[in-house]
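Written out below as structure tokens is the structure these notes cover.
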Amino acid sequence: MDDLLESLEYNYQEKSAALPKKLIHLLHCPFLVGNDLVLLKSDAQFIPEKELATAVDKCAYEDIENHFHIDDYVDDVINYNSLAFFELGLAFTMQLADRLQSEFPKISFRVLLSFGAVDSDKQHQFGNCVTRFYTIRAEAETAFRIQNLEVFKNEAILTIETNNQAETTTE
Numbered sequence: 034m035d036d037l038l039e040s041l042e043y044n045y046q047e048k049s050a051a052l053p054k055k056l057i058h059l060l061h062c063p064f065l066v067g068n069d070l071v072l073l074k075s076d077a078q079f080i081p082e083k084e085l086a087t088a089v090d091k092c093a094y095e096d097i098e099n100h101f102h103i104d105d106y107v108d109d110v111i112n113y114n115s116l117a118f119f120e121l122g123l124a125f126t127m128q129l130a131d132r133l134q135s136e137f138p139k140i141s142f143r144v145l146l147s148f149g150a151v152d153s154d155k156q157h158q159f160g161n162c163v164t165r166f167y168t169i170r171a172e173a174e175t176a177f178r179i180q181n182l183e184v185f186k187n188e189a190i191l192t193i194e195t196n197n198q199a200e201t202t203t204e
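Note that the numbering used here has the sequence shown beginning at 34, numbered continuously upward.
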């Protein structure tokens, strides 16, 4: 992520963004907890009645259900550029990670922010910024950990791991 932002001459450490009402609302939605899953209830998320069979299945389910496109929570997306979406996504991601750590002190989570600069006018109206999270499970660590962030040439990834694994990795 640092390489992409440097090429855009953007220093995210000097910027901060005030979240729009819809992102604040999303950040304060209740969590659904059950069957070894944690979901942020924003739309139609639900805990399946039957427990998912494997740790990989659980991570995959959480990753899909806890997947938020930042532009979906901004009223007037046309007035935003891709860096504005990044600022909102970063602020939301960091606040979500703090909330997860605070409300689930015994569970570790991986919170991801993906961002890609957009070059076409049609793409430009959409932020291309997504936040997602899932529970870190030892049995699924190799299936769900991004070992080589260099494979994301057109996209930047920020990873925040909560609790005793609070290391932040950027590429």
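Cβ atoms here follow ideal geometry from the backbone N, Cα and C, with glycine treated the same way.
Quick check: what's the CA-CA separation for residue i versus residue j?
i	j	result
Glu58	Tyr94	First, the residue type needs correcting, since residue 58 is His and not Glu in the sequence shown. Roughly 23 Å between the two C-alpha positions.
Ser147	Glu82	31 Å
Met127	Ala86	31 Å
Thr164	Lys91	18 Å
Phe119	Glu84	35 Å
Arg143	Phe137	13 Å
Ser49	Ala176	33 Å
Glu174	Gly149	25 Å
Leu191	Asp105	20 Å
Ile205	Leu145	Not covered by the structure: residue 205. The range shown for the chain is 34 to 204.
Lys139	Asn161	32 Å
Phe125	Ser75	14 Å
Val66	Gln78	11 Å
Asn196	Lys54	28 Å
Val71	Ile103	20 Å
Let me make sure I understand the geometry here. Which of the options has the alpha-carbon closest to that of residue i?
i	options	result
Ala171	Lys54, Ala88, Val71	Ala88
Asp69	Leu145, Ser141, Gly149, Ala176	Ser141
Phe64	Leu191, Ile103, Thr168	Thr168
Ser135	His61, Asn161, Ala50, Gly67	His61
Asp108	Phe125, Gly67, Gln78, Leu56	Leu56
Below 8 Å on the Cβ atoms is my guess for residue i versus residue j; work out the distance and round it to an integer in Å.
i	j	result
Leu123	Leu52	Their Cβ separation, rounded to whole angstroms, is 11 Å, which puts Leu123 and Leu52 out of contact at 8 Å.
Ala130	Ile193	4 Å
Leu231	Phe166	Coverage of the chain is limited to positions 34 through 204, which leaves residue 231 absent and any answer about it impossible.
Asn99	Leu116	Contact doesn't hold; Cβ gap of about 24 Å is too wide.
For residue i, which residues does DSSP report across the bridge?
i	result
Phe166	Val144
Glu194	Arg143
Leu65	Leu72
His58	None; His58 has no bridge partner.
Phe101	Thr164
Is residue i close to chain B? Criterion is C-beta to C-beta, closer than 7 Å.
i	result
Met127	Of the protein chains in this structure there is only one, and it is not chain B.
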